[in-house]
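Trainee:
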Amino acid sequence: MEAKQLRHDLGVAGSAPKSPAYLALLRAGPRIKPLQQVHAHLVVSGSHRSRALLTKLLTLACEAGSIFYTHRLFLSVPIPDAFLFNSLIKASSKFGFPQYTVFFYHSMLAFCIPPSSYTFTSVIKSCADLSDLRLGRGVHSHALVCGYGADSFVQAALVSLYSKSGDLGAAWKMFDKMPHRSVVAWNSMISGYEQNGLSKEAIVVFDQMRELGVEPDSTTFVSVLAACSQLGALGLGCSVHRDVINSGLHVNVALGSSLINMYARCGNVSKAREVFDSMKERNVIAWTAMISGYATNGYGTQAVEFFREMKARGPVPNTITFVAVLAACAHAGLVPEGREAFASMRQDYGLVPSVEHHVCLVDMLGRAGLLNEAYQLIKELGAEEAAPAVWTAMLGACKMHKNFDLGVIVAEHLLEVEPENPGHYVMLSNIYALAGQMDRVEMIRNMMMGRSLRKRVGYSTIDLNHRTYLFSMGDKSHPETSEVYQHLDELMSRCREAGYAPAPESVMHEVEEEEREYALRYHSEKLAITFGLLKTKDGVSIRIVKNLRMCEDCHEAIKFISIVTKREIIVRDKLRFHHFKDGSCSCMDYW
DNA sequence: GTAGGGTTAG
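In this text, residue positions in the first sequence follow my numbering: the first is 223, and each later residue adds one.
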C-alpha cells in the first residue's frame with residue numbers, strides 16, 4: 223500500500239513495478255544515515271553488485287552532500303560508467319572539492335570514457351574554483367575537440383571561468399559567440415567585472431542587459447549591488463533597490479545581505495538596518511554585514527551591542543563576524559570589549575584567531591596607546607601568525623603615538639620581509655618626518671627610488687546623477703578643472719578665516735616630488751568635494767569614496783569645510799567612513 | 001537509473 227502510494231507520488235504509477243531494494247532507497251531519500259542503512263541491507267542481501275541500485279544510491283548520496291561517502295561508493299563499483307563518473311565529478315565540483323573533480327576527470331579519460339557536456343561544465347567550474355586558468359584553457363580545447371563548443375551550458379561555464387579568472391577579454395569573446403545568452407551568462411559577465419574591481423564596467427554590462435530586454439534575476443542584483451558598494455554609489459544603489467522592489471523578486475538572504483552591504487558601504491547605516499529588519503530570513507552573513515556596517519561608519523558601540531544581540535538570539539558567529547567585531551572595537555577604542563570578544567572567540571566558539579584577528583587586536587591596543595602590550599603580543603605570535611599585516615598595524619600605532627624608537631624597529635623588520643612594499647617606506651619616512659629627521663626622510667626616498675618603488679596613486683570619486691567622477695591629486699584632466707581649483711582656493715581661504723591651520727611643511731610627510739609640489743592643497747578628496755559642492759544645491763550631503771586612507775590634514779580641512787558650507791560630508795576611505803558635520807567627524811579623530 | 005551553468009559578509 224505504502225509503496226503504491228510512493229510510486230503514485232513520484233509520478234511513476236503504471237510503470238514497471240520497482241524492486242523492494244529500490245523502493246527502500248527512494249524512501250531513504252537524500253539522507254546519509256538512512257542511505258547507509260539501506261546500503262548495509264544491500265550488502266547483506268548480496269544485491270550490492272547491482273549497477274542500477276548502486277547508481278541510485280550514489281545519486282542520492284551526492285544529493286545529500288556527502289562527498290566522501292559518494293567517493294567510497296564509487297570505488298565499490300567495479301567498472302564505473304559515464305553516468306557514475308559524471309555524477310561523481312559533478313558532486314565534487316558542486317561541494318567544493320575541485321581537486322577531486324580534476325582527478326576524476328583525468329581518471330575518466332584514462333578509462334577511455336568519453337566526457338559529455340555534463341563533465342565539461344563541472345570540470346570548467348572547478349578550474350575556476352582552483353583559479354587554474356591554464357588547466358581551464360586545456361579543458362576548453364578538449365571540449366571543442368569533443369564537439370561541445372556550441373553547448374550552451376559549456377559556453378556559460380566558460381564565460382564564468384574566464385570572467386572569474388580576470389580574463390575578461392576571453393569572457394567577452396565566449397559571450398559574444400553564444401547564440402542564446404541566458405541570464406546566467408549575463409550574470410557571469412557582470413560578476414566577473416565586479417569581482418575584478420571593475421565596478422563601472424559591471425554597471426555598463428547591466429545597462430546593456432536591460433536595454434536588450436533581458437530580465438535580471440536576484441543574482442544579477444546581488445552583483446550589481448556589490449558593484450554599487452564598491453563605487454560607494456548611493457544614488458545608483460537606491461535605484462537598483464527600487465528595481466528590486468519593482469521586479470517583485472523575493473529578497474532572499476543573499477540579496478538582503480547585498481542590500482545591507484550596499485547601504486552600509488555607501489554610508490547609510492539606518493537604511494541598512496531597515497533592510498535587515500525587513501528580512502524574513504537572516505543568516506550569519508546578514509548579521510555580520512550589519513555589524514561591519516556599524517563598525518565602518520563609526521558606530522562602534524552599536525556594533526558591539528548588535529553583536530550581543532546576535533549571540534543572544536541570532537545565528538552562531540563565525541571568524542568573519544569576529545573580524546568585524548574586533549575592527550569595531552579597534553576603531554571605537556573599546557578595548558575591554560575587544561579583549562573579551564577575542565578571548566571568547568576561542569573559548570566559547572572554538573574558533574582559531576587568524577592573521578586578520580591579530581591585526582585588529584594589535585590595531586586596537588596600538589590605537590589605545592598600549593604599544594608595549596601590542597608589541598609583546600606580536601613577539602609571542604608564531605612565525606606564520608606574525609604576518610607583515612600585523613607588523614604594519616603596529617607601525618601605524620607607532621606613528622600615531624609618535625614612538626620613534628619602536629617605530630624604527632618595526633619598520634626595519636617590515637622592510638626586511640617585504641622590501642617591495644612601497645607602503646612601508648612611506649610609513650617609515652612619515653615617522654622620520656614627524657621626528658624632524660629630514661635627512662632620513664631623504665634617505666628613505668632615495669631607497670624607494672633606487673628600488674623603483676612608487677607610492678600608490680590616491681584617487682577619490684564622487685557619484686552625481688548616476689555618473690561617477692574620478693579625481694586624482696593634481697589632476698587637471700577634468701573639463702571643469704579651472705573652476706574646481708579656483709573654488710577650492712576660495713574655500714580654503716574661508717576655512718582659514720574660520721580657524722583652519724594647514725599642516726606645516728615639516729609634517730607634510732610626502733615622499734614624492736610632485737606630491738610636494740601640489741602639497742596638501744590639491745589632494746584628490748578636496749577636489750572631489752569641491753566638485754560636489756559646485757554641482758549640488760545647498761544643504762545636500764556630499765559623498766566621496768577614496769581608495770587610500772585620508773591624510774590628517776585633509777581630515778582637519780574637511781571639518782572646516784563642513785562648517786563654512788553648512789554641509790554634511792561623508793568620506794569613505796580605504797578602511798572606514800568619516801561623517802563630517804558642523805566641524806566634527808564621526809570617527810572622533812580616532813582612526 | 002539519467003543530471004547541469006551564475007551570486008552573498010571582513
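Glycine included, each C-beta is placed from N, C-alpha and C at the ideal position.
(1) Let me know the secondary structure DSSP gives Phe-443 once reduced to three states.
(2) Label Asp-661 either buried or exposed according to how many other C-beta atoms from any shown protein chain fall within 10 Å of its C-beta, with 16 as the threshold for buried.
(3) Out of Val-793, Asp-795, Lys-788, state which residue places its alpha-carbon closest to the alpha-carbon of Gly-805.
(4) Check this for me: beta carbons of Ala-424 and Val-446, under 8 Å apart or not?
(5) How many angstroms separate the CA atom of Tyr-654 from the CA atom of Gln-377?
(6) Are there 16 or more other CB atoms within 10 angstroms of the CB of Ala-565, so buried, or fewer, so exposed?
(7) Taking all protein chains shown into account, decide if Val-762 is buried (16 or more other Cβ within 10 angstroms of its Cβ) or exposed.
(8) Would you kindly check if the distance between the Cβ of Gly-515 and the Cβ of Cys-488 is under 8 Å?
(9) Taking the beta carbon of Asn-625 as the centre, do at least 16 other beta carbons fall within 10 Å, making it buried, or is it exposed?
(10) In this structure, how does DSSP classify Cys-807 when only helix, strand and coil are distinguished?
(11) Using the Cα positions of Thr-323 and Leu-306, report the straight-line distance between them to the nearest angstrom.
(12) Just confirm the distance between the C-beta atoms of Cys-551 and Ala-534, as a whole number of angstroms; I'd bet it's less than 8 Å.
(13) Considering Cα atoms alone, identify which of Ser-808, Gly-419, Tyr-370, Leu-755 is closest to Met-400.
(14) How about Ile-791 and Ile-783: are their beta carbons less than 8 Å apart?
(15) Below 8 Å on the Cβ atoms is my guess for Asn-540 versus Ala-486; work out the distance and round it to an integer in Å.
(16) Determine the extent of the alpha helix (DSSP H) in which Lys-757 is found, giving its start and end residues.
(17) Tell me the residue span of the alpha helix (DSSP H) that contains Val-786.
(18) Where does Arg-676 sit, in a helix, a strand or coil, going by DSSP?
(19) Quick one, are the C-beta atoms of Val-632 and Met-616 less than 8 Å apart?
(20) Let me confirm a value: Ala-332 is counted as buried when at least 16 other C-beta atoms fall within 10 Å, else exposed. Which label applies?
(21) Quick one: any contact between the region 269 to 278 and the region 289 to 307, if contact means 3 or more CB pairs under 8 Å?
(22) Within 10 angstroms of its Cβ, does Glu-712 collect 16 or more other Cβ (buried), or is it exposed?
(23) Quick one: residues in its chain with C-beta nearer than 8 Å to the C-beta of Thr-690, no 5 flanking neighbours on either side, listed in chain order?
(24) Tell me whether the beta-carbon of Ser-314 lies closer than 8 Å to the beta-carbon of Phe-326.
(25) Any heavy atom of the ligand MG within a distance shorter than 7 Å of the CB on Ser-329?
(26) Between Val-612 and Val-577, is the Cβ-Cβ spacing less than 8 Å?
(27) So which of Asp-373, Ser-374, Gln-258, Leu-380 has the shortest CA-CA distance to Gly-360?
(28) Would Ile-542 and Thr-510 be called neighbours here (beta carbons separated by less than 8 Å)?
(29) Report the CB separation of Ala-525 from Ile-513 in whole angstroms; it is logged as a contact under 8 Å.
(30) Note down, in chain order, each residue of its chain lying with its Cβ closer than 6 Å to the Cβ of Leu-366, except the 5 sequence neighbours on either side.
(31) With 16 as the cutoff for other CB atoms within 10 Å, does Cys-809 come out buried or exposed?
(32) Could you work out which residue in Gly-629, Gly-470, Ser-288, Tyr-681 is closest to Glu-437 when comparing CA atoms only?
(33) Going by CA-CA distance only, name the one from Glu-774, Ser-410, Gly-391, Ile-254 that's closest to Leu-656.
(34) Opposite Phe-692 in the DSSP bridges: which residues?
(35) With a CB to CB cut of under 6 Å and the five nearest residues on each side skipped, what residues in its chain are close to Phe-428?
(36) Return helix, strand or coil for Lys-502, following the three-state DSSP convention.
Mentor: Here's the rundown:
(1) helix
(2) exposed
(3) Lys-788
(4) yes
(5) 56 Å
(6) exposed
(7) exposed
(8) no
(9) buried
(10) strand
(11) 13 Å
(12) Actually they do not touch by this definition, with Cβ atoms about 19 Å apart.
(13) Tyr-370
(14) yes
(15) Incorrect: roughly 18 Å between the Cβ atoms, too far for contact.
(16) 746 to 757
(17) 774 to 786
(18) coil
(19) yes
(20) exposed
(21) yes
(22) exposed
(23) Lys-422, Leu-453, Ala-455, Thr-683, Ile-684
(24) yes
(25) By its list of ligands, the structure shown contains no ligand whatsoever, and the ligand MG lies outside what it can speak to.
(26) yes
(27) Leu-380
(28) yes
(29) 5 Å
(30) none
(31) buried
(32) Gly-470
(33) Glu-774
(34) What sits at residue 692 in the sequence shown is Leu, not Phe. DSSP lists Thr-683 as partners of Leu-692.
(35) Ile-412, Val-446
(36) coil
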